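Participant: My structure is below; once you've seen it, I'll send some questions.
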Amino acid sequence: MAYQRPKGTADILPGESEKWQYVEATARNVFKSYHFSEVRTPMFENFDVFSRSVGDTSDIVTKEMYDFHDKGDRHIVLRPEGTAGVVRAYVENKLYGPEHPKPVKVYYMGPMFRYERPQSGRMREFHQIGVEVFGSEQAAVDVETIAMAMDFLKHCGLQDLKLVINSLGNIASRQAYRQALIDFLEPHFAELSHDSQERLHKNPLRVLDSKDEKDQAIVADAPSILDYLDEESTAHFTAVKQLLGDLDIPYEIDANMVRGLDYYNHTIFEIMSNSKAFGGQYMTVCGGGRYNGLASELGGPETPGFGFAMGVERLLLIMDADKVAMPIDHALDVYLVSIGDAAQRANLKLIQAIRQAGFTAERDYLDRKAKGQFKTANRLNAKVVLTLGDSEVESATAHLKNMATGAEISVPFAQITTDFKAVYETVLAAE
Ligand code: ATP
Ligand code: MG
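Per numbering that gives the first Met the number 0, the sequence shown starts with residue 0, numbered consecutively.
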C-alpha cells in the first residue's frame, strides 16, 4: 500500500465513531451534573510547559514527547497529556481571579501524543477525557472527583472496577520519604536495573513503580510513604478514606503506587479494570490525583488542584470486549425511490422538505434501477420508503410504505412539503 497511517495512530471510521460520540456525550452529561464546564486548549504547547510540570526526569518528558523546533525556532511539543496545558491556560487567563467562583471545574477531551511502543491500548496518538478542579484543598474535592470518574465509567457499562489510592503527602512529607527511600535503596544499588539506578537520585519514588522483577523484589521491603506522612498529610488522607467510606466506594491502598507524572502530591488514584479486553490482567483506565503546587510552578498564584485523565481507546476496548450495548441510532427515517428523470427531479424538493422537517432522509445518486433502490432502502434499514414514478409526478402524489407492516398510503406533494411530521406519523400508524 502506498500510503499508510503513521505507526501507533488509528482511523476512526463510521460504525466506530458513533461509539466515540456516545462515550463523549455520556461524559458531558455526567460531568455536567457535577457542574464542570468544557475547556479546549491547543494541541501543542511550548516545551517548558511540560518539562516544568510533568517533570524533567519523567518518562513522558525524557522519552515519549513529540517535540520539534518550528520555523520560528520555538521548541514545541504535541501535548502528551492534558493537565499541564489546562493549568497553563488557568494561569494565563487569570481564572484564579475573583470573577471566577471557586472551585473552577473544567473538563477536556481530545488527542494526546506519546512516542511509545504501540500495542493494544497503547497508541502514539490516543485520546483522553480528563477533568481539573482548581481552588480547593478539601478532601471532598478529591473524593467527589474520584466518584465522578467511577460514575462515568459505570454509565459506560463498565463492571469489576478496582479503585486504588495512595498518598504522596505534602512537600515536607515527600522530602522526608525521599531521603528514607534513597537510604534504603543505596545498599542495593548494584542489584537495581539500569533505569532504577538512573532514577535513584533524580527521582527515587519512580523506582517503586519499576516493572523490573528484581527491582520489585527489592522494593517490596522498602519503607512505606504512608509512614512518613506528617500531620497535615495524614489528616488529608484520613479524610479522603472516610469520605470514600461515606459514599460506599470500595478502594484498595497501594503504598507503592506513584504514577508517572511529577506534579502530584497528597491523594493519587487509579481505576483499573480486569476486563477480558486485557486478558484478565488489571489495566489502568483512569489515573489522577492532587497537584497543589502546579499552578504556581507555571507562574500563577499558589492554587490547589485535583484532576484525572482516562484513556478513551482503553475504555472502548473494554466496552467492546464486555459487549456493552450502546444506544446508537443508525435509523434512516425515509428512503426516496424515484423511477425516471421527472421523478428524480421531483424527489429533490421532497427530500429537502423532509430533512427540513427534522427527519433523516436518503435517496439514490447512482442511477440504480428501482429494484436496486429498494434493496438499498432495505440495507439502510429505512423505516419508510417513498416511491415516485412518472404517474405520481403527474398527479403530484407520492407512495409511502411502512417497511415494518408493509402498509402503503398515497400523499399529495403539498402535504409532504408543508407538514411531513403528520404524514410520517400517519404512515407509521398504517397497518
Ligand atoms: P501507563 O502506566 O499505562 O503508561 P500512564 O501512567 O502513562 O499509563 P497517564 O499519563 O496517567 O497514564 O494517562 C491516563 C490514562 O490515559 C491511562 O490510564 C490510559 O488509560 C491512557 N493512556 C496513557 N497513555 C496511553 C497510550 N499511549 N495509549 C492509549 N492510552 C493511554
Ligand atoms: Mg505511560
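Note that CB positions come from ideal geometry on N, CA and C, so glycine has one too. Computed from a prediction, not measured in an experiment: that's the story for all the values here.
Taking all protein chains shown into account, decide if Asp214 is buried (16 or more other Cβ within 10 angstroms of its Cβ) or exposed.
Facilitator: Buried.
Participant: Tell me the start and end of each unbroken beta strand (DSSP E) in the stretch 115-194 that is at least 3 residues and wholly inside, in chain order.
Facilitator: With a minimum length of 3 residues, the continuous beta strand (DSSP E) runs that stay inside the stretch 115-194 are 124-133 and 160-166.
Participant: Tell me where the alpha helix (DSSP H) around Thr40 begins and ends.
Facilitator: From DSSP, Thr40 is part of no alpha helix (DSSP H); its letter is neither H nor E.
Participant: Which one of Val257, Gln137 and Phe183 has the shortest CA to CA distance from Lys101?
Facilitator: For the residues Val257, Gln137 and Phe183, the minimum Cα distance to Lys101 belongs to Gln137.
Participant: Threshold first: 4 residues or longer. Then list the alpha helix (DSSP H) segments lying entirely within the stretch 201-226, N to C.
Facilitator: Fully enclosed alpha helix (DSSP H) runs of 4 or longer: 212-218.
Participant: Thinking just about the alpha-carbon of each residue, which of Arg313, Glu124 and Met64 is nearest to the one in Ser274?
Facilitator: Closest option to Ser274, Cα to Cα, is Arg313.
Participant: By Cβ distance, which residues of its chain are closer than 6 Å to Pro110, with the 5 residues on each side in sequence left out?
Facilitator: Cβ neighbours of Pro110 beyond the five flanking positions: Glu124 and His126.
Participant: Helix, strand or coil, according to DSSP, for His329 in the structure here?
Facilitator: Coil, per DSSP.
Participant: DSSP three-state label for Val76, please.
Facilitator: Three-state result, Val76: strand.
Participant: Under 8 Å from any heavy atom of the ligand ATP, does the C-beta of Glu115 make it?
Facilitator: Correct: Glu115 has its Cβ closer than 8 Å to the ligand ATP.
Participant: Just grab the DSSP bridge partners of Ala360 for me.
Facilitator: Ala360 is bridged to Val333.
Participant: I need the straight-line Cα distance from Ala294 to Val86, nearest angstrom please.
Facilitator: Rounded to whole angstroms, Ala294 to Val86 spans 6 Å at the Cα level.
Participant: Assuming Gly306 contacts Val130 under a Cβ cut-off of 8 Å, what Cβ separation, rounded to an integer in Å, is found between them?
Facilitator: Confirmed, Cβ separation roughly 6 Å.
Participant: For Phe133, does the count of other Cβ atoms within 10 angstroms reach 16, so buried, or fall short, so exposed?
Facilitator: Buried, by the Cβ-count rule.
Participant: Tell me, please, which residues DSSP counts as bridged to Ala397.
Facilitator: Ala397 pairs with Val410.
Participant: I think Ala440 touches Tyr250, with their Cβ atoms under 8 Å apart; what is that distance to the nearest whole Å?
Facilitator: Nothing in the structure corresponds to residue 440, since the chain is present only between 0 and 430.
Participant: Just checking Asp194 against the ligand ADP - is the residue's beta carbon closer than 8 Å to any of the ligand's heavy atoms?
Facilitator: As presented, the structure is devoid of the ligand ADP, carrying the ligand ATP and the ligand MG as its sole ligands.
Participant: Start and end of the beta strand (DSSP E) containing Thr283?
Facilitator: Met282 to Arg289 is the span of the beta strand (DSSP E), which, as asked, contains Thr283.
Participant: At a cut of 8 Å, does the stretch 264-282 reach the stretch 156-168 through at least three beta carbon pairs?
Facilitator: Counting Cβ pairs under 8 Å, three or more are found: they touch.
Participant: Quick one: does the C-beta of Asp58 sit closer than 8 Å to a heavy atom of the ligand MG?
Facilitator: Result yes, Cβ under 8 Å from the ligand MG.
Participant: Give the C-beta separation of Met325 and Lys18 to the nearest angstrom, bearing in mind that I take them to be a contact with Cβ-Cβ under 8 Å.
Facilitator: At roughly 6 Å, the Cβ-Cβ gap stays under 8 Å, so Met325 and Lys18 are in contact.
Participant: Excluding five sequence neighbours on each side, which residues of the same chain lie with their C-beta closer than 7 Å to the C-beta of Gly339?
Facilitator: These residues qualify, in order along the chain: Gly388 and Asp389.
Participant: Quick one: give me the first and last residue of the beta strand (DSSP E) that Lys104 is part of.
Facilitator: Val103 to Phe112 is the extent of the beta strand (DSSP E) around Lys104.
Participant: Identify the residues that DSSP records as bridge partners of Asn45: which are they?
Facilitator: Beta-bridge pairing links Asn45 to Ile75.
Participant: Lys382: which of Lys348, His329, Ala356 and Ile181 sits nearest, CA to CA?
Facilitator: Ranking Lys348, His329, Ala356 and Ile181 by Cα distance to Lys382 puts His329 first.
Participant: Quick one: what does DSSP say Lys368 is sitting in, helix, strand or coil?
Facilitator: If DSSP states are grouped into helix, strand and coil, Lys368 belongs with coil.
Participant: So Met108 and Ala9 are supposed to be a Cβ contact under 8 Å. How far apart are they, rounded?
Facilitator: Between Ala9 and Met108 the Cβ distance is about 16 Å, and since that is not below 8 Å, they are no contact.
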